[in-house]
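Trainee:
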Amino acid sequence: MNTNELLDLMSAGPRDVDRRDALLKAGKAGLQIVLAALPLGLAAGCAGIGKLVANDPKRAADVLNFALLLERRESEFYKIGLETPGLVPASDRAVIEQIGRNETRHVVFLTTGITGIGGVPDTSTQFDHTGAGKVPDVFRNYRSFLKLAQTNEETGVRAYKGQAPFLMDSPTLLTAALRIHSSEGRHVALLRHLRGLKGWISESQDTGYSPITYQGESNVTHGGVNLSSVSKISHRALTEAFDEPLTRAQVMAVVSPFIRKAA
Amino acid sequence: MPDTDSAAQIDAVRSGIRRRSLFKFAGATVLATTAAGLLPRSVLAQRPGGVSLGTGETAVLNYAFALEQLEAEFYTLVMKSPYAGMNSRERQVLTDIRDHEIAHTDFYRAALGSSGIPKLQFNWSAVNFGDRTSVLTTARTFEDTGVSAYNGAGQLLRDPQHLTIAGKIVSVEARHAAIIHDLLEPRGSSFAGPGVIDDFGLDLAARPSEVMKKVAPFIVTPIDSSGLPKA
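Chains as they are written, first to last, in my numbering: chain A, 16 to 278; chain B, 611 to 841.
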């Protein structure tokens, strides 16, 4: 199975169960090859997978499925945005396309990874990108689209940061999560720039759709060091210099309005 | 796909420095990268003016501290003598990044206390501070390298609190990297394109030995990194 087939597989929606199964069956041998080729050897049985997966594969898969939920939402969000005629202006298209591409790859990677450690990728969740009317014009108004894109990416950065310690027993999964985490940091900096904002978060200014997404960002105490008392740098810059984690519960509070309730 | 631009740039920088000051930099490079495997520990310890990162968790934090020192001094010099034609956005970006990197060094200095490495000596002869391209491509290299260093070092940490703090910093380095890429290629795809993100959507990650090799041309103080935990 090559990357294109994997992308095809992952773009199969929850209603395309037959298609997904057929693709999975066809690609079963290929999946092992993909796993073997993954950076840092993300494949079941590799030493780097570590204690976490060996002792508690369910927990590892659970953390990755939480990440998959966020990535599936982002991937679909950009896909719809880019396919909506007249929404993304030509000037910004290269940026949005690159971000969308990376999010789709995260979906592929996590799905492959979850399967690789013996878990079941949860692709059942469907999304309402208007947030049940919170952002009604998200695919009609580019400014709304960018603002929600930024909110999603900031939330993603904070979510991965919050989950990283839970992956410490698995160096391979931790490193992969960290590498996704920083890619989301790159994404959000550019989205902020496209909106005329600085690439970094000053104090805890809510520049998105959800105050929780920026809650606590004005913190200047890290590991017991209160930077205000040891640094001459302005408070504003001190808050910009460090991003803060969010708990899974906080992330779900941000994301839940965007999850379509089962019919 | 490798970031051929910055790889070529680093090679150029390195060979330039070697030509100018072969002895000194060859020494620093060897110490920083391969000495641990080639020389007995006593030789490293005896090296005059050398700095040891320490061992274990301390070594990982000192490794990050060294990289932050490098970045902080670089941006301080950039803003001390801004290149010709620096526009207002660039001025704001580079001033902010300078302050962020100084904040990072202030954090490590305070957190590490007496276990922290002293102020390192750097060599900036490879950078033309009067030239926009030279400054911004160096900045791009440092930010991308910083991201790769934190991503690669996360798995060496044992204390979850340290991992969280490293996470708080690396996403800001990633923001810097993206914005610097954008200054060089406005609204292009390089900020998160194939030069830095692979086919699985994963950002750069590098082992300390690879990172130290990249930054060695800029670091005068010999660094003994042999106490870093092995992956």
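Yeah, the Cβ is synthetic: ideal placement off N, Cα and C, and Gly gets one too. Values in this document were obtained by computation on a predicted structure and should not be read as measured data.
#1: Does proline 180 of chain A have its Cβ less than 7 Å from a Cβ in chain B?
#2: Could you tell me how far apart the beta carbons of leucine 182 of chain A and leucine 67 of chain A are, in whole angstroms, since I believe they sit closer than 8 Å?
#3: With 16 other CB atoms within 10 Å as the buried threshold, where does glycine 239 of chain A fall?
#4: Tell me the DSSP bridge mates of asparagine 241 of chain A?
#5: In three-state terms, what does DSSP make of valine 270 of chain A?
#6: Could you check whether the Cβ of glutamate 20 of chain A sits closer than 7 Å to any Cβ belonging to chain B?
#7: For a cutoff of 7 Å on Cβ pairs, would you count serine 880 of chain B as touching chain A?
#8: List the whole-angstrom C-beta distance separating tryptophan 734 of chain B from leucine 687 of chain B, where the pair is believed to meet the contact cut-off of C-beta under 8 Å.
#9: Residues in the same chain with beta-carbon distance under 8 Å from tyrosine 224 of chain A, minus the five sequence neighbours each way, listed in chain order, please.
#10: Just the chain B side, please: which residues come within less than 8 Å of proline 186 of chain A by C-beta, in chain order?
#11: Arginine 194 of chain A and asparagine 761 of chain B - do their beta-carbons sit closer together than 7 Å?
#12: Nearest to leucine 680 of chain B by alpha carbon, out of B/Thr668, B/Gly764, B/Arg708?
#13: Could you confirm whether any beta carbon from chain B is found closer than 7 Å to the beta carbon of threonine 126 of chain A?
#14: What residue does the alpha helix (DSSP H) around aspartate 792 of chain B start on, and which one ends it?
#15: Let me know if serine 724 of chain B comes out buried or exposed under the rule of 16 or more other beta-carbons within 10 Å of its beta-carbon.
#16: State yes or no: is the beta carbon of phenylalanine 273 of chain A nearer than 7 Å to at least one beta carbon in chain B?
#17: By the criterion of Cβ-Cβ separation under 8 Å, what are the contact partners of aspartate 741 of chain B in chain A?
#18: Which of helix, strand or coil does DSSP assign to aspartate 741 of chain B?
#19: State the Cα-Cα distance for the pair glycine 115 of chain A and alanine 841 of chain B, rounded to the nearest angstrom.
#20: Out of curiosity, what's the CA-to-CA distance linking leucine 206 of chain A and glycine 660 of chain B?
#21: To the nearest angstrom, how far is the alpha carbon of tyrosine 685 of chain B from that of phenylalanine 81 of chain A?
#22: Would you tell me roughly how many angstroms separate the C-alpha atoms of glutamate 255 of chain A and tyrosine 175 of chain A, rounded to the nearest one?
#23: Taking buried to mean at least 16 other C-beta atoms within 10 Å of its own C-beta, is threonine 236 of chain A buried or exposed?
#24: Count the C-beta pairs between the segment 770 to 777 of chain B and the segment 736 to 748 of chain B that are closer than 8 Å, then say yes if the count reaches three, no if not.
#25: Could you list which residues in chain A have their beta carbon closer than 8 Å to that of serine 799 of chain B, in chain order?
#26: Taking the C-alpha atoms as reference points, what is the distance between aspartate 184 of chain A and glycine 65 of chain A?
#27: Comparing alpha-carbon positions, which option in B/Arg719, B/Ser800, B/Glu667 lies nearest lysine 729 of chain B?
#28: Valine 821 of chain B bridges to which residues according to DSSP?
#29: Pull out every residue of the segment 803 to 829 of chain B whose Cβ sits closer than 9 Å to any Cβ of chain A, in chain order.
#30: Does DSSP put aspartate 716 of chain B in a helix, a strand or coil?
#31: Does chain A have any CB closer than 7 Å to the CB of asparagine 761 of chain B?
#32: Give me, in chain order, the residues of the same chain whose beta-carbon lies closer than 8 Å to that of valine 270 of chain A; leave out the 5 immediate sequence neighbours on both sides.
#33: Is valine 245 of chain A close to chain B, meaning its C-beta is less than 7 Å from at least one C-beta of that chain?
#34: Determine the contact status of glycine 837 of chain B and leucine 663 of chain B, defining contact as a CB-CB distance below 7 Å.
#35: Report the neighbours of leucine 253 of chain A on chain B: residues whose CB is nearer than 7 Å to its CB, in chain order.
Mentor: A quick look at the data gives this:
#1: Chain B contact via Cβ: present.
#2: Rounded, the Cβ-Cβ distance is 7 Å, consistent with contact.
#3: So glycine 239 of chain A ends up on the exposed side.
#4: Note: asparagine 241 of chain A sits in a beta bridge opposite A/Thr236.
#5: In the displayed model, valine 270 of chain A falls within a helix according to three-state DSSP.
#6: Below a pLDDT of 50, predicted positions are generally treated as unreliable, and glutamate 20 of chain A, at 48, falls in that range; the measurement from the model is reported next regardless. No, no contact with chain B.
#7: Since the displayed chain B opens at 611 and closes at 841, residue 880 of chain B lies outside it and no answer follows.
#8: That belief holds up - the Cβ atoms of tryptophan 734 of chain B and leucine 687 of chain B are roughly 6 Å apart, short of 8 Å.
#9: Closer than 8 Å at the Cβ level, and outside the excluded window around tyrosine 224 of chain A, lie Gly146, Lys149, Val150, Lys162, Leu163, Thr166.
#10: Here the neighbours are Gln765, Ala841.
#11: With a cutoff of 7 Å on beta-carbon distance, asparagine 761 of chain B and arginine 194 of chain A are scored as near each other.
#12: Selected option, being the one with the closest Cα: B/Arg708.
#13: The C-beta of threonine 126 of chain A comes no closer than 7 Å to any C-beta of chain B.
#14: Where aspartate 792 of chain B is concerned, the enclosing alpha helix (DSSP H) starts and stops at 770 to 794.
#15: Serine 724 of chain B is classed as exposed because its beta carbon has fewer than 16 other beta carbons within 10 Å across all chains shown.
#16: It does not; no Cβ of chain B falls within 7 Å.
#17: Simply none; closest approach about 23 Å.
#18: In the structure shown, aspartate 741 of chain B adopts coil according to DSSP, grouped into three states.
#19: One C-alpha to the other measures close to 32 Å.
#20: Approximately 43 Å, taken between the alpha carbons.
#21: Taken atom to atom, the span from the alpha-carbon of tyrosine 685 of chain B to that of phenylalanine 81 of chain A is near 38 Å.
#22: Approximately 18 Å, taken between the alpha carbons.
#23: Its Cβ having fewer than 16 others within 10 Å, threonine 236 of chain A is exposed.
#24: Counting C-beta pairs closer than 8 Å gives fewer than three between the segment 770 to 777 of chain B and the segment 736 to 748 of chain B, which falls short of the contact rule.
#25: What serine 799 of chain B touches in chain A: Ala109, Val110, Glu112, Gln113.
#26: Taking the straight line joining both Cα atoms gives about 6 Å.
#27: The shortest Cα separation from lysine 729 of chain B among B/Arg719, B/Ser800, B/Glu667 belongs to B/Arg719.
#28: Checking the DSSP bridge columns, you'll see valine 821 of chain B has no partner listed.
#29: Those residues of the segment 803 to 829 of chain B that come within reach of chain A (Cβ to Cβ, closer than 9 Å) are Gly803, Val806, Ile807, Asp808, Asp809, Phe810, Gly811, Leu812, Asp813, Leu814, Ala815.
#30: Reduced to three states, the DSSP call for aspartate 716 of chain B is helix.
#31: Interface criterion met: the Cβ of asparagine 761 of chain B is under 7 Å from a Cβ in chain A.
#32: Setting aside the 5 residues that flank it on each side, valine 270 of chain A is surrounded in the same chain by Leu84, Leu85, Arg88, Thr170, each with a C-beta closer than 8 Å to its C-beta; the list follows chain order.
#33: Output row for valine 245 of chain A: interface = yes.
#34: Contact flag set, yes.
#35: Here the neighbours are Ala713.
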